[in-house]
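Colleague:
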Amino acid sequence: MLRFLYRTVPGRMVLKLLVHPRVSETAGYYLSSRASKWIVPYYIRKHKIDMRDIDIPAGGFSSFNDFFTRKRITECFDVTYGHLISPCDGLMSCIRIEGNTVLDIKNTRFTLDDLLKDHELAGQFRDGTALVFRLTPADYHRYCYAADGKVLQHKKIKGRLHCVRPIALRTVPVFAQNSREYQVLETESFGTVIQMEIGALLVGKIRNSSSSSKRGHVGRGEEKGYFEFGGSTIIILIKKNKICINENLYKRRNSDGEIPVHMGEFVARAEEER
Numbered sequence: 005m006l007r008f009l010y011r012t013v014p015g016r017m018v019l020k021l022l023v024h025p026r027v028s029e030t031a032g033y034y035l036s037s038r039a040s041k042w043i044v045p046y047y048i049r050k051h052k053i054d055m056r057d058i059d060i061p062a063g064g065f066s067s068f069n070d071f072f073t074r075k076r077i078t079e080c081f082d083v084t085y086g087h088l089i090s091p092c093d094g095l096m097s098c099i100r101i102e103g104n105t106v107l108d109i110k111n112t113r114f115t116l117d118d119l120l121k122d123h124e125l126a127g128q129f130r131d132g133t134a135l136v137f138r139l140t141p142a143d144y145h146r147y148c149y150a151a152d153g154k155v156l157q158h159k160k161i162k163g164r165l166h167c168v169r170p171i172a173l174r175t176v177p178v179f180a181q182n183s184r185e186y187q188v189l190e191t192e193s194f195g196t197v198i199q200m201e202i203g204a205l206l207v208g209k210i211r212n213s214s215s216s217s218k219r220g221h222v223g224r225g226e227e228k229g230y231f232e233f234g235g236s237t238i239i240i241l242i243k244k245n246k247i248c249i250n251e252n253l254y255k256r257r258n259s260d261g262e263i264p265v266h267m268g269e270f271v272a273r274a275e276e277e278r
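Residues in the sequence shown are numbered from 5 upward in steps of one, following the numbering used here.
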């Protein structure tokens, strides 16, 4: 289906209809209705989702989105001072920002200016590091703050929603078109950090807490929000010479160079601790 949508003329015509706001709204309404409950057991079986630590409501989930935004009963977070944690479950890529390129995934390049829509802010992160967390359908879709800090800026960027599956990344500049939301945080251990959420095809809704748009202090491990159904990605931008990646993680890399991580896991430490 993805090959048809992105690599054929008829497919692109269908895609234009799929990404129309009204189609997205209709899909979102259905997935949040009781009529979508039948999808839940099928989805669990298909993606082999472990439900042992999931908080299941009395009477079961009321809709597919109720299941998709499920909560765990327990969470575990690294609390060591000077550690950056993974904001979510997913596959992490560590990319050095060089020149005018922020990241290069599946042959698609994204500039900092396109990503942030703020030329001055983008300039602060050149030669820094981008940590890209790609959530798969089976992953837990709630996410937290990766570091303690003070919120300096909050920004929402509207965009046309496109799928973030690898085949789409090879065809269109996805992050330049997707809706996204980010905060600029001033942290004690890592200096100025940006944490960004990116929506995707059809629903792909970013549901951040109301407090996340306010300036104030946020805590590492504090829930920031969740994604409703749709592909989703989180990006963390760190300035030059501010972090060292946890070297033990590289042993887990898959054939695409991505590292499986869990929310709250130690992924990097402050540079000065080397």
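The beta carbon of each residue, even a glycine, is placed where N, CA and C say it ideally should be.
Only a predicted model underlies this, so the values are computations on that prediction, with no experimental measurement involved.
Just mark V155 as buried or exposed, buried being the case when its beta carbon has 16 or more other beta carbons within 10 Å.
Modeller: buried
Colleague: Between which two residues does the beta strand (DSSP E) holding A126 run?
Modeller: Premise fails: A126 lies in the alpha helix (DSSP H), 123 to 127, not in any beta strand (DSSP E).
Colleague: For N212, does the three-state DSSP call read helix, strand or coil?
Modeller: strand
Colleague: Taking the Cβ atom as the reference point for each residue, do H145 and T237 lie within a distance shorter than 8 Å?
Modeller: no
Colleague: Counting C-beta neighbours from all protein chains within 10 Å, is the total for D93 16 or more, i.e. buried, or is it exposed?
Modeller: buried
Colleague: Beta carbon of F129, beta carbon of S90: below 8 Å?
Modeller: The answer is no: Cβ separation not under 8 Å.
Colleague: Are the beta-carbon atoms of Y230 and R211 separated by less than 8 Å?
Modeller: yes
Colleague: Is the beta carbon of V18 less than 8 Å from the beta carbon of L135?
Modeller: no
Colleague: Would you kindly work out how many angstroms separate the C-alpha atoms of D143 and G163, rounded to a whole number?
Modeller: Taking the straight line joining both Cα atoms gives about 24 Å.
Colleague: Let's test the definition: count the other Cβ atoms within 10 Å of the Cβ of L21 and tell me whether it reaches 16, buried, or not, exposed.
Modeller: exposed
Colleague: What is the DSSP secondary structure of K110, counted as helix, strand or coil?
Modeller: For K110, the predicted structure reports a pLDDT of 38, less than 50, and the residue's modelled location is therefore unreliable. A value from the coordinates is still provided. Correct three-state label for K110: coil.
Colleague: Looking only at its chain, what residues have a beta carbon closer than 7 Å to the beta carbon of G261, apart from the 5 residues adjacent to it on each side?
Modeller: S97
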